[in-house]
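Protein chains in written order, with the working numbering: chain Z, 20 to 661; chain C, 13 to 450. From the three backbone atoms N, C-alpha and C, an ideal C-beta is built for every residue, glycine too. The block underneath contains the structure these notes are about, expressed in structure tokens.
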């Protein structure tokens with residue numbers, strides 16, 4: 020077996036970005052080196068394709084010794100999920116890297132960009148292929164650091180076009196515009212907030228698992244949960260989920276994703292739509308794949324956990340779609356829609372608890388497939404968005420049909436990506452969404468109607484917002500203030516390549532056995548009804564992207580229902596009040612131990628001890644004789660005691 | 013065979029000392045040279061008889077004491093070297109005998125020269141200090157000797173307890189354990205720093221080794237009496253450390269530091285008596301004794317080096333700052349300095365005695381020792397800060413540097429653990445107490 024492929028897969032992207040990182044002082048060399056970094060990612064893509072198409076890798080684990088003292092090995096597992104997700108990751112990274120050759124060519128910090136871009140790709144691949152939770156966590160942290168580095172890439176905060184929000188807009192103490200450096204900070208601080216409990220959860224799993232095993236596919240989850248008890252299961256899972264929810268921007272941790280749009284568009288496309296933010300949902304799908312919660316209905320606490328994820332996901336989906344209806348910033352609108360899609364992935368994967376499959380759990384399969392379709396379609400929209408920002412020199416949506424005719428490839432890619440993603444029959448996402456409807460219809464049988472209603476509302480809203488994106492940029496957004504439509508061949512190539520993949524996915528749905536249920540679900544009457552409703556919402560929003568009478572609600576939605584206050588006002592206030600309380604405590608302790616009470620006490624005792632030193636021999640003789648006599652009497656008394 | 017070597021070496025050393033002292037009326041350098049030669053002869057003889065680790069430290073400390081006398085002029089210049097040489101001889105000799113009479117003789121030989129040394133000062137003799145010191149020393153020596161002889165007479169019950177208490181009280185008075193420490197701050201502050209550095213360093217070793225050897229051979233001591241010793245030890249640690257915190261004169265700070273250190277030392281004797289009288293498992297018994305002895309001896313050496321350094325710094329009105337800080341850290345017990353190893357092994361002995369005998373109050377004693385090490389930090393740092401200055405090429409700075417090297421020796425070599433166990437055996441050999449056997 021060709022196991023050498025793994026080091027190549029993970030290390031080549033990083034190694035290929037080292038020359039440009041080292042040459043950071045030589046501008047002339049730096050300009051020539053980006054293709055080397057792109058070639059590194061291409062090699063990873065070839066490796067991931069090799070793994071996907073070679074049966075001998077499938078459903079096998081590959082283990083390498085790592086920390087024998089703790090029984091932790093580097094374990095990689097190739098299964099349906101990781102083999103497919105590896106290709107999705109590497110392919111999207113490669114296409115975006117090609118696009119980036121054009122998009123970033125005049126950038127002032129290329130070594131930084133390419134190093135973190137490639138580090139990100141390697142980290143994401145590590146997360147995808149890892150079976151061992153600790154190894155996965157290493158990749159996970161790589162995602163966090165790369166995300167911070169890339170969001171804050173334009174650290175000088177000197178160009179308004181890189182900001183998020185309306186400049187100088189304030190609501191009380193809340194500032195509603197964010198520069199790139201602040202965006203980077205908001206991302207890393209939110210993600211760290213989730214990563215620490217996630218790490219503790221991994222430690223708890225290590226403690227509780229049979230033989231201190233951390234391999235997702237090998238842990239006896241049932242006995243682990245039973246050992247942890249109801250409260251233990253809920254606590255461990257919740258801590259683990261904090262890592263996933265923060266990374267995937269689920270409520271109430273969604274704010275960082277909106278301001279992550281201060282980063283370069285390539286970064287938004289790769290990290291903040293297609294791959295990194297999807298990592299949270301992916302890990303949840305992967306873990307559920309092996310936990311098989313549908314078999315564990317006897318485990319107390321597990322139903323609560325899956326119910327929790329179901330509602331967090333669906334409410335996040337609806338929230339994301341709703342706030343996007345009021346947004347005008349191209350990338351932020353797409354970010355909110357991404358959050359919405361991620362919510363659907365979580366919600367659908369959580370529904371697996373109530374689905375009893377014969378083979379693969381339909382809910383998990385649907386969640387994964389939706390992730391795949393979303394990745395390519397949304398990445399396309401981001402890449403288009405980057406080109407539009409480049410062409411109009413503005414981050415707010417603008418453009419009319421004349422502009423659309425000048426930007427034909429971008430326009431075409433947008434039409435395809437939006438229609439294929441929202442669930443219009445018979446395009447790609449329709450079949451996946453139909454299966455999703457089917458899963459949630461199944462929940463109604465378990466007495467849960469609300470999830471189905473949330474799904475339908477989110478889907479209709481979602482369809483409208485992507486149609487709105489199309490309309491505001493190509494039909495009804497007015498004349499752009501600035502037009503620069505020439506050139507950029509690699510950018511066009513990038514999004515056209517990206518959008519073409521949705522056709523391949525459509526083909527795969529119809530030709531592969533595991534997705535035949537998607538087709539069956541799509542042919543159901545109820546699914547068609549939903550499909551038609553989605554289509555109507557789409558067409559309606561294309562023709563009427565803005566409703567003046569609702570502009571106040573739109574502004575409230577554009578302010579993300581004031582959720583930024585959580586990150587920018589409430590959390591800092593809590594932090595400062597804790598710091599103040601600690602400071603008061605510190606001063607109290609300091610006064611007690613160091614400056615007031617104890618020193619005074621010691622001072623007093625010390626003076627008392629020294630007070631007997633009168634200097635007179637007669638005094639000393641009396642003291643000493645007295646004490647000696649006392650001791651001798653004590654000795655004599657003990658001596659006579661039985 | 014080895015006894016024979018020591019008899020010859022002892023006589024030769026004494027002859028050298030005496031002739032040096034006589035010749036020093038002509039020129040004081042004869043006194044210096046004869047003291048050095050006598051100490052080296054005794055050192056060689058002791059090394060042959062197999063206690064190298066112990067005697068090499070004693071040699072180093074006694075040479076420092078002898079050289080430091082160069083820093084002061086006095087009325088008996090020349091003979092003073094001989095007096096320190098005599099103390100050194102007795103300190104080395106005490107390991108080479110298992111006869112109680114010789115052990116007690118060594119104690120007296122160490123004690124008497126200090127009566128003279130303490131009175132010396134530049135160009136005069138301080139009789140008042142001498143009286144204050146001698147009164148307590150005589151009282152202490154008498155109590156110690158009577159206690160030792162009662163124990164050796166094979167006493168049981170009340171007499172054994174009384175003998176034990178007398179021995180401990182005599183020792184406490186002799187070395188300055190609180191609450192019998194009243195003479196220490198006065199004598200340390202009023203006398204010349206150089207003779208005090210002798211009294212505070214090498215002269216402390218023999219009383220403890222003698223007490224250790226006697227108590228290590230004395231079973232059946234009442235636990236109540238042993239716990240009295242523990243209370244005295246704890247009390248002394250607190251009195252010494254807390255007293256030093258606000259003392260202003262440097263010599264007084266060092267006097268209270270001695271009171272505290274002698275408290276630490278007394279805990280070794282507690283561990284030893286517990287193991288001899290209340291631990292039946294022989295290997296546990298052995299372990300406690302070994303650790304107590306190792307810790308006690310190392311702490312005495314660390315104390316000696318530190319006191320020599322600091323008193324010389326006082327004499328020279330300051331010494332090189334980094335050197336004084338190193339000595340302070342050794343006193344505090346910062347690893348890997350010599351002082352750390354002393355406290356470390358004492359703690360080991362207390363904890364193993366607590367485990368073996370199931371006496372939980374010994375853990376408290378260990379805790380008090382650690383707590384007291386922390387309490388001592390401010391005044392040792394203050395001493396180093398106030399006495400610290402730039403390096404000057406004078407005798408006191410050299411002495412301080414040499415003392416620092418002694419505390420640093422455990423940094424370079426794996427000494428405490430590697431050297432001693434083999435040597436310690438000779439200290440551990442029970443003293444033949446004529447009547448106790450019967």
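Among the residues facing chain C, residue 622 of chain Z is included, as its CB has a counterpart in that chain under 8 angstroms away. Look at residue 38 of chain C here: in three-state DSSP terms it is coil, with no helix or strand label. At a cut-off of 8 angstroms, the C-beta of residue 198 of chain C has a neighbouring C-beta in chain Z.
DSSP places residue 426 of chain Z outside both helix and strand once states are collapsed to three, so it counts as coil. Residues 617 of the same chain have their beta carbon placed closer than 7 angstroms to that of residue 611 of chain Z, with the five preceding and five following residues left out of the count.
As the crow flies, the alpha-carbon of residue 141 of chain C is around 6 angstroms from that of residue 199 of chain C. Residue 28 of chain Z sits in a helix when the DSSP states are folded into three classes. Residues of the stretch 152-173 of chain C with a Cβ closer than 9 angstroms to any Cβ of chain Z, in chain order: 155, 169, 170, 171, 172, 173. When the alpha-carbon of residue 71 of chain C is set against those of C/174, C/175, C/52, C/325, the nearest one is in C/52. Between residue 149 of chain C and residue 56 of chain C, the alpha-carbon positions lie close to 31 angstroms from each other. For residue 176 of chain C, the number of other beta carbons within 10 angstroms of its own is at least 16, and it is reported as buried. For residue 81 of chain Z, the pairing in a beta bridge is given by DSSP as Z/95. By the CB criterion at 8 angstroms, residue 296 of chain C and residue 368 of chain C fall inside the cutoff. Spatial neighbours of residue 193 of chain C in its own chain (CB-CB distance under 6 angstroms, excluding positions within 5 residues in sequence) are listed in chain order as 271.
A distance of 8 angstroms or more separates the beta carbons of residue 40 of chain Z and residue 186 of chain Z. With contacts defined as CB atoms closer than 8 angstroms, residue 373 of chain Z and residue 462 of chain Z qualify as a contacting pair. Bridge partners of residue 179 of chain Z according to DSSP: none are assigned. When 8 angstroms is used as the limit between beta carbons, residue 653 of chain Z is near these residues of chain C: 177, 240, in chain order.
For residue 204 of chain Z, the enclosing alpha helix (DSSP H) stretches over residues 199-227. Taking one beta carbon from each stretch, the stretch 196-212 of chain Z and the stretch 55-69 of chain Z have fewer than 3 pairs nearer than 8 angstroms; the two do not touch.
Residues of the stretch 612-639 of chain Z whose Cβ lies closer than 7 angstroms to any Cβ of chain C, in chain order: 621, 622, 624, 625, 626, 628, 629, 631, 632, 634, 636, 639.
The CB of residue 148 of chain C comes closer than 8 angstroms to the CB of 639, 643 in chain Z, given here in chain order.
Taking CB atoms only, residue 328 of chain Z has no neighbour in chain C less than 8 angstroms away. Per DSSP, residue 258 of chain C is one residue of the alpha helix (DSSP H) stretching across 235-258.
For residue 373 of chain C, the enclosing alpha helix (DSSP H) covers residues 373-387. Interface residue (Cβ-Cβ distance to chain Z less than 8 angstroms): residue 38 of chain C is not classified as such. Under the 10 Å beta carbon count, residue 84 of chain Z is surrounded by fewer than 16 other beta carbons and is classified as exposed. Counting C-beta atoms within 10 angstroms of its own C-beta, residue 21 of chain Z has fewer than 16 neighbours from the protein chains shown and is therefore classed as exposed. The beta-bridge partner set that DSSP reports for residue 404 of chain C is empty.
In this structure, residue 18 of chain C lies near residue 105 of chain C, with their beta-carbon atoms less than 8 angstroms apart. In the three-state scheme derived from DSSP, where H, G and I count as helix and E and B as strand, residue 318 of chain C is classed as helix. Within the same chain, 348, 349, 350, 353, 428 come within 7 angstroms of residue 422 of chain C by CB-CB distance, once the 5 residues on both sides are set aside. For a Cβ distance threshold of 7 angstroms, residue set 625, 628, 629 of chain Z lies close to residue 255 of chain C, ordered along the chain. In this structure, DSSP gives residue 136 of chain C an extended state, which the three-state scheme calls strand. Below the 7 angstroms Cβ cutoff, chain C contributes 173, 234, 236, 237 as neighbours of residue 657 of chain Z, in chain order. DSSP places residue 192 of chain C outside both helix and strand once states are collapsed to three, so it counts as coil.
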